[in-house]
Ligand code: GLV
Ligand code: GLV
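In our numbering, the protein residues as written are 286 to 556.
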């Protein structure tokens with residue numbers, strides 16, 4: 286699972302017969318690919334089948350964080366709802382606003398498709414290479430990260446965790462965002478500097494954050510983000526649909542069967 290760190294020591298402890306490692310996830314930052322390659326061990330993942338499920342969770346977090354679902358639900362649960370009030374739980378609207386996609390891969394594309402088609406959002410994005418399909422389908426514009434942060438009303442993270450993306454969103458980057466912006470992370474917790482995010486949220490320097498991923502997982506009991514009312518946190522359920530998890534299980538199993546048979550994994554990770 287993505288929560289299992291698989292390094293060279295783990296590989297060696299499995300003995301010399303180990304032929305394949307099948308991650309039950311699309312992200313594979315938990316596996317030391319160099320160590321696997323060095324030992325002739327195949328590594329596989331589960332791309333594609335969780336794209337829609339994860340994009341839906343990102344959209345849900347955009348709406349839920351932007352419309353204060355966290356404190357609003359708590360209000361009813363604590364039986365504090367007294368009246369309809371003109372200024373109670375005021376949130377943001379998204380129609381016609383700008384959505385910044387950090388990492389226009391499969392999931393980023395699916396979120397852009399939803400928010401452009403459904404909410405008419407203008408799409409800007411970062412990616413290592415231009416994405417012609419996003420540019421033609423939703424007139425997406427590729428920007429440098431700083432410019433994306435300055436222009437976006439919603440910033441949604443969809444990059445893999447690598448040495449280049451660790452702490453990509455820190456104090457400086459949060460400072461570039463609009464005061465009413467919503468930050469959503471369905472990628473990996475380590476992409477965001479959580480201390481800087483807690484500062485930005487508590488000082489209302491951004492409007493809200495919606496997180497499906499944290500560092501560590503589960504998040505520490507004492508983490509300040511747990512008590513910020515404008516921070517909505519889910520327990521890493523991006524791919525948690527029956528459809529996605531069944532397909533992920535089949536892919537992971539087929540990857541292992543192939544490796545056992547001495548064949549190439551159908552969904553191998555090459556690098
Ligand atoms: C989930 O986070 C995955 O990478 O599949
Ligand atoms: C809200 O419920 C309204 O009727 O404006």
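Every residue, glycine too, gets a C-beta built ideally from N, C-alpha and C.
Shorter than 7 Å, the distance from the beta carbon of residue 350 to the closest heavy atom of ligand 1, or not?
no
According to DSSP, what are the bridge partners of residue 470?
The partner list for residue 470 (beta bridge, DSSP) reads 442, 496.
Are residue 377 and residue 463 closer than 8 Å when you measure CB to CB?
No, Cβ-Cβ distance for residue 377 and residue 463 is not below 8 Å.
What is the chain-ordered set of residues for which the beta carbon lies under 6 Å from any non-hydrogen atom of ligand 1?
287, 310, 311, 312, 335, 523, 524
Meets three-Cβ-pair contact criterion under 8 Å: the segment 325 to 338 and the segment 533 to 550:
yes
Just to confirm, is the Cβ distance from residue 314 to residue 446 under 8 Å?
yes
The segment 390 to 404 in contact with the segment 412 to 423 per 3-pair CB rule at 8 Å
yes
Give the DSSP-derived three-state secondary structure of residue 307 in the structure shown.
strand
Nearest-angstrom Cα separation, counted from residue 433 out to residue 494
17 Å
Do you know offhand how far residue 358's Cα is from residue 349's?
10 Å
Spatial distance of residue 297 from residue 403 (CA atoms):
Looking at the two C-alpha atoms, the distance is approximately 50 Å.
Should residue 387 be labelled buried (16 or more other beta-carbon atoms within 10 Å of its own) or exposed?
buried
Here's a check: name, in chain order, each residue in its chain whose Cβ is nearer than 8 Å to the Cβ of residue 237, leaving out the five neighbours to either side.
Any answer about residue 237 is impossible in this case: the structure gives the chain only from 286 up to 556.
Pull the bridge partners of residue 384 from the DSSP assignment, please.
408, 439.
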